[in-house]
Every structure is written in structure tokens, then in C-alpha cells.
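Some notes on the structure that comes next.
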Amino acid sequence: MFLNNIGASFSFIQPPRPDPKHETRIIFHCRRDPPPSPAKVHWKKRNVKPQSICTADELHRVTVPNSDWKLALWRYLPSHKAPLRNHPLLLLSGVATNAIGYDLSPESSFARYMSAQGFDTWTLEVRGAGLSTYGNNLEKDEERLTNSSEIDSAINDSKSSAFERALEFKKPGASFDSEAKFDESRPMARLMEVLTGMSERLLSFLSSDLSKGRPNSAIVSQIKDFNRRLQTLIKGQQIFPQQILELPDRFTSTLEEFQKQLELIVKYDWDFDHYLEEDVPAAMEYIKAQCQPRDGKLLAIGHSMGGILLYAMLSRCCFDGKDSAFASVVTLASSLDYTPSRSSLKWLLPLAKPVQALNVPVIPVGPLIASAYPLAINPPYVLSWLNSQISAQDMMDQKLFEKLVLNNFCTVPSKLILQLKTVLQNGGLRDRSGTFFYKDHLCKTKVPVLAIAGDQDLICPPEAVYETVKLIPEELVTYKVFGEFGGPHYAHYDLVGGRSAADQLYPCIIEFLVHHDLA
1 MFLNNIGASF SFIQPPRPDP KHETRIIFHC RRDPPPSPAK VHWKKRNVKP QSICTADELH
61 RVTVPNSDWK LALWRYLPSH KAPLRNHPLL LLSGVATNAI GYDLSPESSF ARYMSAQGFD
121 TWTLEVRGAG LSTYGNNLEK DEERLTNSSE IDSAINDSKS SAFERALEFK KPGASFDSEA
181 KFDESRPMAR LMEVLTGMSE RLLSFLSSDL SKGRPNSAIV SQIKDFNRRL QTLIKGQQIF
241 PQQILELPDR FTSTLEEFQK QLELIVKYDW DFDHYLEEDV PAAMEYIKAQ CQPRDGKLLA
301 IGHSMGGILL YAMLSRCCFD GKDSAFASVV TLASSLDYTP SRSSLKWLLP LAKPVQALNV
361 PVIPVGPLIA SAYPLAINPP YVLSWLNSQI SAQDMMDQKL FEKLVLNNFC TVPSKLILQL
421 KTVLQNGGLR DRSGTFFYKD HLCKTKVPVL AIAGDQDLIC PPEAVYETVK LIPEELVTYK
481 VFGEFGGPHY AHYDLVGGRS AADQLYPCII EFLVHHDLA
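Under the UniProt record's numbering, the first residue of the sequence shown is numbered 1, with each subsequent residue one higher.
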């Protein structure tokens with residue numbers, strides 16, 4: 001199949017580089033004033049705090065319809081020195097990642113590079129990622145993320161005292177006098193408060209589970225039994241043994257930890273299709289309302305799962321006979337079908353059955369990677385092979401690599417991973433029912449696509465990327481593999497944050513976007 005050569009298709013103009021001394025700020029003077037938006041803004045960060053996790057110019061919150069989730073959108077305002085663009089740009093991240101990967105530092109920022117070329121750039125954090133919040137836990141979630149950032153810094157600097165302060169460790173004997181003044185009524189009140197909260201959460205979970213048609217779930221049966229006992233306890237028909245109440249702090253703390261696990265079951269209840277059908281469309285409508293593109297379309301770039309989402313949206317829109325609302329799409333290290341490749345993700349397939357059998361609710365990707373990191377960079381380097389999964393040798397500054405590893409990953413539901421594993425099975429990615437194959441309808445798309453692969457990407461190798469590329473009409477697709485025989489080489493995250501990406505890869509993307517922004 002003939003594949004377009006982007007160098008021959010578009011005239012190349014060397015774009016300006018972003019200012020490395022750029023500091024996070026709000027630009028009050030814009031080249032055009034967007035009309036008032038009908039979309040609901042829950043919170044916009046007008047004055048970005050120096051220690052804030054968000055390094056964008058603005059932080060927006062978007063409500064997902066029929067959901068308690070509020071998604072975070074990091075906005076990078078277009079440079080007034082660049083040409084005026086017709087379409088805003090949406091960036092989508094990979095699985096279990098947040099917006100930090102697109103903005104590691106002022107000197108290495110994919111998002112800021114795009115805004116420096118005049119694109120109103122928005123990075124979406126889907127539910128469960130980064131600064132997206134659930135229910136009314138906005139302040140609590142941000143405080144948790146701030147504490148998490150402090151802990152990561154403490155680990156990175158190897159300062160045990162700072163690490164203890166971040167975790168608020170209490171040293172034995174530090175407050176003996178305060179314990180002597182302990183209010184005996186407080187432990188029982190605190191205990192009952194925890195139990196009542198647990199019961200309410202359980203009832204909410206059970207109602208939701210039954211409404212989704214899962215009354216025979218083993219975990220639901222166990223929780224029903226536990227909740228019956230719990231309500232009996234709260235109503236005073238049972239009492240705790242005195243010896244347990246004599247250890248109120250330890251016992252209540254244990255229950256609070258259990259409550260957190262129940263929160264995970266309630267909160268982390270989504271899959272890939274939730275991103276596809278709810279999160280991304282909500283973000284797109286919000287961005288269009290804010291920016292008012294004349295043709296109602298967006299440009300979009302997706303890395304890893306972000307690119308899979310874009311492919312899936314194109315396919316679903318083709319099947320439904322709807323307009324995708326994309327002017328053009330760029331995918332980085334993405335495919336709907338990994339089966340022809342030797343993807344390292346195939347190592348994870350044997351873990352799928354135990355996860356399903358044990359009803360494991362979540363996969364703590366972030367904590368697992370952060371825990372493995374010291375074993376990858378210190379003797380005897382037993383996990384050093386993990387480094388090449390993320391970045392090729394000498395392609396990422398060590399401090400930025402550490403920031404990526406310690407701050408970019410988060411916890412996700414098992415059901416999300418279990419649906420995504422279908423990219424490793426015959427037929428490629430399927431919907432949650434297992435009957436709709438997303439690759440089957442991609443041939444009908446009318447949206448121009450630039451698909452980029454890295455020559456040393458072990459997660460999504462070039463042959464996996466090409467497996468999806470060959471399905472797209474040849475007059476609409478451009479396929480590029482970055483990396484040279486003598487180097488530099490590109491692994492999975494080098495396509496976004498590698499030290500050579502700004503010189504080699506970003507201009508290629510800009511050229512493609514500009515061409516279709518003007519079309």
C-alpha cells in the first residue's frame with residue numbers, strides 16, 4: 001500500500017521554539033475573546049500557585065453527564081507571536097497517566113510547544129487521572145495529590161526526614177501528655193462515624209450494582225452480608241467486646257483502611273468505553289463551547305491509549321454514521337491490534353485470569369512503577385530492563401525521567417485493563433460486550449490521520465502501529481517511524497518527551513496540523 005510522504009505533501013516552515021524560561025501564568029490579553037460558554041465551569045485556576053501540580057495557564061473542570069466525575073482540562077493559551085489557528089487542539093494521554101507527561105518541564109513540554117505554534121492546546125485528564133475529581137472531593141483530592149507530589153520528591157531526594165514529614169509519621173513518645181488527656185467519648189463517636197459512612201457507601205454501591213444488572217456478583221453477595229451486620233451494629237443491637245474498645249485508635253484505623261478499600265470499589269468502576277462514550281465527548285463539547293471553531297471541529301493528538309481512543313472514536317462514528325468532529329488526528333505509539341507484533345504487553349496476559357478470578361478492583365500502576373524504580377536504577381539493577389520500556393538510552397534527561405516515573409502514573413480499575421487487553425487478541429480491541437471490533441469500521445473514515453511509531457518502542461512496536469494504519473484509506477493516512485540506525489532511537493515515551501523530539505518529531509506534527517487546520 002502506498003503511504004503518503006509528509007515531506008513531499010507539505011511545505012516545511014521551521015516553527016519557533018517555546019521559551020524555556022516560560023513560567024506558569026495566566027495571559028489576560030488574548031487575540032480574540034471567546035463568547036460566553038454554555039458549558040458549566042466548576043473551577044478555573046485563575047491564579048496558579050507556585051507549588052501547584054498544574055503547570056498549564058488555566059485549569060478547567062468539566063462535568064461528565066450522568067456521573068459524579070469532574071474531569072480536569074489543562075489549557076495552554078496560544079502564543080500571540082504565532083499565526084492565528086482555526087481549530088483548538090486536544091491532547092489525550094496513555095492508560096493510567098495524567099497530564100504531566102505532556103508538560104515535564106519548560107524545556108521539555110509537548111503541550112507548550114504546540115501552544116507556541118498558535119494552537120489553543122487542551123490536555124484532558126480522564127476520570128481517575130491527575131486532577132480529575134469524584135463527587136465533592138475537590139479539595140481533598142487536590143490535597144492528596146499535593147501530598148503525593150511531596151512524597152515523590154522525598155523519595156527522589158532520598159531525604160528520610162522529609163519523607164517522614166510528608167507522610168506525617170508520629171514518633172513514639174512524642175505526645176504522651178496529649179494522650180493522657182484523651183477524651184473517652186471521642187473514640188466511640190469516631191468509630192460510629194466511620195461505620196455509618198461505610199454503611200452508606202455500601203448501600204450506594206449495591207444500588208448501583210443492581211441497577212447495572214449484576215445481582216449475582218460474588219463480591220456483591222459478600223458486601224450485602226457485611227452491610228446487614230454493619231447496620232445491626234449501628235442500630236445498637238450488638239456491641240464490641242470491651243477489649244477491642246480499649247484499643248480504639250488501632251481498631252478504628254483498621255476500619256478506616258477498610259473503608260478506603262470500599263471507596264475504591266465504588267469510585268473505580270469504569271472501563272475503556274466510559275472514556276470513549278462519556279469523558280472524551282464531554283471534553284470535546286466543552287472545548288468547542290470555549291473556543292467556538294467556525295466548523296465545529298477540533299484537532300487531536302493521542303499518545304498510546306490516547307491514540308487508541310481516537311481510532312476507536314473514528315470507527316464508532318463511521319459505524320453510527322456520525323461526524324467525528326475532528327479536522328485531523330495524530331496518533332503516537334497507538335494501535336487497535338497488537339497481535340502481529342512482539343509487544344512487551346503480552347507478558348501481562350497471564351495475569352488477567354487471576355485478576356478476574358480474585359475480583360481485584362484496581363491496579364495501582366503508579367505505586368507499582370514508583371516502587372520498582374529504585375530497583376531499576378540502583379545495583380544490582382534487577383529491574384533495569386523496565387527503563388527501556390519507557391525511554392531509549394540517553395533519550396531523556398535523568399531528572400525528567402524520574403519525574404515521569406514518579407508523578408505521571410496513577411491507579412486504574414481492573415476492568416479497564418481487562419478490556420484493553422483485547423488489543424492483544426485476534427480481531428483487536430473490542431467494546432465491553434465483546435461483540436464490536438473497533439478496527440472493522442476504520443476503513444470508512446474520512447478524517448486525515450498521521451500515525452507515528454518509535455523504532456525502539458517495545459510496548460507498541462512499529463509493526464503494531466502499521467496493523468491499524470493499513471486499514472485507513474491510503475489517501476488519508478501518513479505513517480512515520482522515528483529513529484535512525486546510529487541513533488537517536490525512540491521508545492514509547494520518547495515520542496512525547498525525548499530530548500530529540502522537539503527537533504525531529506514535533507515539526508513533523510506541526511506541519512501536518514497546520515496543513516489540515518487551513519484546509
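Just so you know, even glycine gets a beta-carbon here, dropped at the ideal spot from N, CA and C.
- For residue 270, the secondary structure class from DSSP, reduced to helix, strand or coil, is coil.
- With three or more CB-CB distances shorter than 8 Å, the stretch 491-509 counts as touching the stretch 380-393.
- Per DSSP, reduced to three states, the secondary structure at residue 465 is helical.
- One Cα belongs to residue 81, the other to residue 116, and the distance between them is close to 8 Å.
- Under the 10 Å beta carbon count, residue 453 is surrounded by 16 or more other beta carbons and is classified as buried.
- In the displayed model, residue 515 falls within a helix according to three-state DSSP.
- Measuring C-alpha to C-alpha distances from residue 322 to each of 330, 313, 475, 328 identifies 313 as the nearest.
- Below 8 Å, enough C-beta pairs join the stretch 461-476 and the stretch 330-340 to call them touching: three or more.
- Ranked by how close their Cα comes to the Cα of residue 482, the residues 97, 470, 457 have 457 in first place.
- Just so you know, the alpha carbons of residue 102 and residue 350 end up roughly 31 Å apart.
- Separation of the CB atoms of residue 363 and residue 414 is rounded to 6 Å, and the pair is thereby assigned contact status at 8 Å.
- Put simply, of 88, 304, 326 the residue whose alpha carbon is nearest the alpha carbon of residue 287 is 88.
- Here DSSP, grouped into helix, strand and coil, assigns residue 382 to coil.
- By the beta-carbon neighbour count (other beta carbons within 10 angstroms, threshold 16), residue 85 is buried.
- If you ignore the 5 residues before and after residue 318, its C-beta comes within less than 6 Å of the C-beta of 441, 444, 445, all in its own chain and listed in chain order.
- Annotated three-state conformation of residue 438 is helix, per DSSP.
- If you draw a 10 Å sphere on the C-beta of residue 292, you find fewer than 16 other C-beta atoms in it, and that means exposed.
- For the set 119, 478, 71, 410, the Cα lying nearest the Cα of residue 97 is the one of 410.
- By the beta-carbon neighbour count (other beta carbons within 10 angstroms, threshold 16), residue 104 is buried.
- For residue 497, the enclosing alpha helix (DSSP H) begins and ends at 494-497.
- DSSP places residue 61 outside any alpha helix (DSSP H); the residue lies instead in the beta strand (DSSP E), whose first and last residues are 58-63.
- When DSSP states are grouped into helix, strand and coil, residue 485 belongs to the coil group.
- Of the candidates 513, 122, 274, the residue whose Cα lies closest to the Cα of residue 412 is 274.
- Residue 95 and residue 62 have their C-alpha atoms some 20 Å from each other.
- Nearest neighbour of residue 519 by Cα position, chosen from 448, 93, 122, 407, turns out to be 448.
- Here residue 272 is near residue 420, since their CB atoms are less than 8 Å apart.
- The alpha-carbon separation between residue 325 and residue 516 amounts to approximately 13 Å.
- Here residue 501 carries a helix assignment [DSSP, helix/strand/coil].
- Per DSSP, residue 326 is one residue of the beta strand (DSSP E) stretching across 326-332.
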